[in-house]
Amino acid sequence: MNHLLYALRKLNPFVLWRSPVTFVVEVGSAFTTVLAVLRPSVFAWAVTIWLWLTVVFANLAEAVAEGRGKAQADSLRRARRDTTARRLVGDGEEEVPASALRPGDTVVVEAGQIIPGDGDVVEGIASVDESAVTGESAPVIRESGGDRSAVTGGTRVLSDRIVVRITQKPGESFLDRMIALVEGANRQKTPNEIALTILLASLTLVFLLAVATVQPLAIYSAAGRPSTVDGVTLTADGVTGIVLVSLLVCLIPTTIGALLSAIGIAGMDRLVRRNVLAMSGRAVEAAGDVDTLLLDKTGTITLGNRQASDLLPAAGTTAAELAEAAHLSSLADDTPEGRSIVTLASRDTAAVDATYVPFSAQTRMSGVDLPRRSIRKGAASAVLKWVHDNGGSTSEAVRSTVDTIATHGGTPLVVAEHVPGGPARTLGVIHLKDVVKPGMRERFDALRRMGIRTVMITGDNPLTARAIAAEAGVDDFLAEATPEDKLALIRKEQEGGRLVAMTGDGTNDAPALAQADVGVAMNSGTSAAKEAGNMVDLDSDPTKLIEIVAIGKQLLITRGALTTFSVANDIAKYFAIIPAIFAAVYPGLDALNVMRLASPASAVLSAVAFNALVIVALIPLALRGVRYSPGDAASLLRRNLLVFGLGGLVAPFVGIKLIDLVVQFVPGIV
1 MNHLLYALRK LNPFVLWRSP VTFVVEVGSA FTTVLAVLRP SVFAWAVTIW LWLTVVFANL
61 AEAVAEGRGK AQADSLRRAR RDTTARRLVG DGEEEVPASA LRPGDTVVVE AGQIIPGDGD
121 VVEGIASVDE SAVTGESAPV IRESGGDRSA VTGGTRVLSD RIVVRITQKP GESFLDRMIA
181 LVEGANRQKT PNEIALTILL ASLTLVFLLA VATVQPLAIY SAAGRPSTVD GVTLTADGVT
241 GIVLVSLLVC LIPTTIGALL SAIGIAGMDR LVRRNVLAMS GRAVEAAGDV DTLLLDKTGT
301 ITLGNRQASD LLPAAGTTAA ELAEAAHLSS LADDTPEGRS IVTLASRDTA AVDATYVPFS
361 AQTRMSGVDL PRRSIRKGAA SAVLKWVHDN GGSTSEAVRS TVDTIATHGG TPLVVAEHVP
421 GGPARTLGVI HLKDVVKPGM RERFDALRRM GIRTVMITGD NPLTARAIAA EAGVDDFLAE
481 ATPEDKLALI RKEQEGGRLV AMTGDGTNDA PALAQADVGV AMNSGTSAAK EAGNMVDLDS
541 DPTKLIEIVA IGKQLLITRG ALTTFSVAND IAKYFAIIPA IFAAVYPGLD ALNVMRLASP
601 ASAVLSAVAF NALVIVALIP LALRGVRYSP GDAASLLRRN LLVFGLGGLV APFVGIKLID
661 LVVQFVPGIV
């Protein structure tokens with residue numbers, strides 16, 4: 001009932017003019033209403049009612065689509081609550097309303113308290129309940145100094161204490177933007193929608209001019225003949241006006257004009273239901289047109305829990321020495337791999353006067369500088385370069401160990417040390433193991449059938465990358481990738497006219513996310529990553545990028561399929577109305593009257609009724625989307641033409657004939 005009331009409110013012409021086809025139907029409905037009042041008849045009022053129902057049903061499609069978003073928005077509003085914040089000022093704290101916070105403010109949040117605004121954790125680690133935003137009841141860990149530092153206002157801290165630096169102004173928080181997007185307040189037409197709207201408006205204008213010429217033809221044709229044929233007048237009186245409006249409404253693309261907006265809204269809604277927030281409809285469309293998919297290896301193609309499994313000392317180094325060096329050099333490495341090395345080495349080493357070197361994507365190393373030596377651990381190429389830069393050399397045995405691990409799909413990390421006054425030397429190799437996720441090869445095969453090229457991005461050396469790429473079945477890989485390498489690869493792909501999609505979660509991914517046509521930021525990532533991307537995955541699942549592409553393609557296919565159906569419908573309805581109206585005047589047209597409808601009046605009314613009812617019948621399909629299965633463009637086009645083109649031609653013949661069988665029993669029509 002709420003959807004119907006909303007559809008009735010949208011009858012306002014100042015709202016409806018944004019949909020040119022539906023607006024023309026409304027103007028025609030108003031015109032036939034005047035004619036029905038001046039020259040009342042059962043036929044005139046029946047046609048008028050069905051014309052108004054056509055407008056209402058067109059609005060209903062959009063109302064149902066928007067209704068889903070409004071329900072989600074109401075749920076999010078209930079999650080948003082006014083809170084107070086403990087803002088840090090100097091060496092103390094002050095309590096202020098959350099609405100008084102500004103970007104750059106730092107606040108303290110402890111167990112049981114609500115995070116007052118969007119920001120990044122700059123101190124501490126805590127378990128956070130984000131179910132208000134993601135719907136996931138399991139708590140997540142948010143900590144400073146990594147790629148899982150972003151927190152969302154309105155979520156609750158369950159344990160420990162964190163200090164948060166606010167990054168958003170009041171009213172512009174992530175929750176506020178989610179509410180605006182899911183209820184459609186900020187929805188703008190995408191370029192494809194605008195182009196299709198212009199095409200539909202052009203077709204409507206062409207048919208308007210064509211139908212306008214029918215009235216003079218009707219007057220001329222009726223000269224010297226009976227003016228009325230089975231209740232439909234062929235002169236310039238009121239009934240002729242109703243017939244002409246009916247003809248216009250049945251010939252213009254009312255079906256796709258009514259469903260176009262609903263298809264776009266439903267596409268974004270399908271993403272929201274999978275916990276993906278699209279910042280614009282353009283991003284959803286771009287996902288459907290993606291040519292190249294950039295996927296991180298760790299956590300996307302592989303299980304992501306690379307763990308240190310073995311320490312392989314070099315000649316002249318004991319296992320204890322390698323374990324100590326691996327432990328010390330990994331203390332500043334906050335990555336899961338670094339923590340696994342600390343666990344494997346399990347040394348109680350207490351370094352005095354140590355300067356720790358944290359791991360970074362640029363150096364691909366971590367380490368420690370002690371008073372009498374420096375230790376580095378990291379990617380083989382980076383550490384070996386560090387050894388050479390400090391006067392050392394690498395033995396063939398170490399290189400062989402690195403190559404053997406990499407060839408078998410593992411990740412080798414090299415540990416080295418440098419004592420001032422002497423050459424640097426390698427101490428050994430750490431073996432990290434990772435496993436390709438089950439079913440990835442089949443998924444990449446499906447993407448290949450869609451015409452999408454997949455590229456694996458990894459910081460591993462080329463041998464490891466090649467082994468994993470071959471096992472997973474990706475088309476290409478980028479090894480030892482830095483943020484600059486990712487950005488360069490995206491630009492190179494785009495220069496070739498291809499659309500690129502990628503995922504990321506860290507600040508160093510922000511430039512590439514901003515450059516990509518579809519940039520999916522992980523909700524667990526940094527604020528910089530979420531600002532740079534045009535989609536945010538609330539579940540922080542990198543593999544969801546593949547689902548996003550499928551949803552984008554489903555949106556485009558649904559729009560194309562229903563456009564095909566609508567145009568085919570209009571062609572079929574032509575054979576229902578024109579022959580029935582003019583067959584008595586031009587007997588030769590009777591050959592086209594294949595439906596053998598009861599009378600011209602019944603033909604017009606049946607066509608108008610079918611035109612309205614088919615919109616209602618297609619609303620579920622527009623909201624659910626046409627079923628999509630991976631395939632090449634030629635097979636998808638063939639299926640589209642067979643199912644929706646042929647179906648659009650056949651359905652009106654069946655539907656109009658069935659309605660005619662009912663209408664002919666209505667008194668005053670035949």
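Oh and the sequence shown: position 654 is 654 in the UniProt record's numbering, straight run, nothing missing. Positions of the beta carbon are idealized from the N, C-alpha and C atoms, including for glycine.
So which of Ser29, Ile198, Thr318, Val383 has the shortest CA-CA distance to Leu244? Out of Ser29, Ile198, Thr318, Val383, Ser29 has the C-alpha closest to the C-alpha of Leu244.
I'd like the ranges of any alpha helix (DSSP H) spanning at least 4 consecutive residues and lying wholly in the segment 517-541. 527-532, all fully within the segment 517-541.
Straight-line Cα distance separating Arg376 from Pro358: Cα-Cα distance, rounded: 10 Å.
Own chain residues within Cβ distance below 6 Å of Ala46, not counting five before or after: For Ala46, where only same-chain residues beyond five positions count, the Cβ hits under 6 Å are Leu605.
What's the C-alpha gap between Pro420 and Ala382? Taken atom to atom, the span from the alpha-carbon of Pro420 to that of Ala382 is near 20 Å.
Could you spell out the range, first to last residue, of the beta strand (DSSP E) harbouring Lys377? Unbroken beta strand (DSSP E) run through Lys377: 374-379.
How about Gly496 and Ala521: are their beta carbons less than 8 Å apart? No, the Cβ-Cβ distance between Gly496 and Ala521 is not below 8 Å.
Between Leu331 and Val368, how many whole angstroms is the CB-CB distance? I'm expecting something under 8 Å. Contact flag correct, Cβ pair sits at about 7 Å.
Measure the C-alpha to C-alpha separation of Leu251 and Ala65 and round it to an integer number of angstroms. The straight-line gap from Cα to Cα measures roughly 26 Å.
Pull up the distance between the alpha-carbon of Phe653 and that of Ile194, whole angstroms please. Distance between the alpha carbons of Phe653 and Ile194 is about 31 Å.
Consult DSSP for Arg86 and reduce its assignment to one of helix, strand or coil. Correct three-state label for Arg86: strand.
Do Ile577 and Ala601 come within 8 Å of each other at the CB atom, strictly closer than that value? Cβ distance not < 8 Å, so Ala601 and Ile577 don't count as in contact.
If you measure between the beta carbons of Gly459 and Leu413, is that distance less than 8 Å? Taking 8 Å as the Cβ cut-off, Gly459 and Leu413 do not qualify as a contacting pair.
With three or more C-beta pairs closer than 8 Å as the rule, is the segment 155-162 touching the segment 550-569? The segment 550-569 is not in contact with the segment 155-162.
Ranges of the beta strand (DSSP E) found wholly within the segment 419-462, counting only runs of at least 3: The beta strand (DSSP E) runs lying completely inside the segment 419-462 and spanning 3 residues or more are 425-433, 453-457, given in chain order.
Taking the alpha carbon of Glu471 as the point to measure from, which residue in Ile490, Ala481, Arg449, Ala406 has its own alpha carbon closest? Comparing Cα-Cα distances from Glu471 to each of Ile490, Ala481, Arg449, Ala406, the minimum goes to Ala406.
Looking only at its chain, what residues have a beta carbon closer than 7 Å to the beta carbon of Leu487, apart from the 5 residues adjacent to it on each side? Contacts found: Pro511, Ala512, Gln515.
Could you say which of Ala651, Gly645, Asn640, Ile615 lies nearest to Ala262 if we only look at CA atoms? Per the Cα distances, Ile615.
Does the structure place the segment 544-556 close enough to the segment 621-637 that three or more beta carbon pairs sit under 8 Å? Yes, the segment 621-637 touches the segment 544-556.
Between Phe575 and chain D, is any beta-carbon pair separated by less than 8 Å? As a matter of chain content, chain D is missing from the structure shown, which is built from one protein chain.
Restricting to Cα atoms, I'd like to know which of Thr318, Ile546, Gly519 is closest to Gly439. Gly439 has its Cα closest to that of Ile546, out of Thr318, Ile546, Gly519.
How about the segment 425-432 and the segment 265-285: do they share at least three Cβ pairs that are nearer than 8 Å? Taking a cut-off of 8 Å for Cβ pairs, the segment 425-432 and the segment 265-285 do not touch, as fewer than three such pairs fall below it.
Cutoff 8 Å; reference Asn192; Cβ partners in own chain excluding five residues on either side: Cβ neighbours of Asn192 within its own chain (closer than 8 Å, five residues either side excluded): Glu285, Leu556, Arg559.
Drop a sphere of 10 angstroms on the beta-carbon of Asp518, count the other beta-carbons inside from all chains shown, and report buried for 16 or more, exposed for fewer. According to the sequence provided, residue 518 is Val. The question's Asp does not apply to it. With 16 or more other Cβ atoms within 10 Å, it is buried.
Are the CB atoms of Ala609 and Leu259 within a distance shorter than 8 Å? It is not a contact, given that the beta carbons lie outside the stated cut-off.
Assuming Ile301 and Leu295 are in contact, meaning their beta carbons sit under 8 Å apart, how far apart are those beta carbons, in whole angstroms? Indeed, because the Cβ distance is near 6 Å, the residues count as touching under 8 Å.
Same chain, Cβ closer than 8 Å to Ile490, neighbours up to 5 away in sequence not counted: Beyond the five residues adjoining it in sequence on each side, Ile490 comes within less than 8 Å, by CB distance, of Leu294, Val500, Met502, Ala512, Gln515, Ala516 in the same chain, given in chain order.
Among Val436, Ile141, Leu38, which has the Cα closest to the Cα of Leu303? Nearest C-alpha to Leu303: Val436.
When every heavy atom of the ligand MN is checked, does at least one fall within less than 7 Å of the C-beta of Gly533? By its list of ligands, the structure shown contains no ligand whatsoever, and the ligand MN lies outside what it can speak to.
Paired residues, beta bridge with Asp291 - DSSP: According to DSSP, residue pairing for Asp291 in a beta bridge does not occur.
Could you work out which residue in Leu658, Leu642, Gly648, Met535 is closest to Met595 when comparing CA atoms only? When the alpha-carbon of Met595 is set against those of Leu658, Leu642, Gly648, Met535, the nearest one is in Leu658.
Considering Thr503, what are the terminal residues of the beta strand (DSSP E) in which it resides? Residues 500-504.
Please report the Cβ distance between Ser395 and Ala315, rounded to the nearest whole angstrom; I am assuming they are in contact, meaning their Cβ atoms lie under 8 Å. Rounded, the Cβ-Cβ distance is 6 Å, consistent with contact.
Beta-carbon separation of Thr33 and Thr48 under 8 Å? Closer than 8 Å, so yes.
Hey, Phe644 and Ala528: beta-carbon distance below 8 Å or not? No, Cβ-Cβ distance for Phe644 and Ala528 is not below 8 Å.
Could you tell me the boundaries of the beta strand (DSSP E) in which Pro139 lies? Element bounds for Pro139: n/a, residue is neither H nor E.
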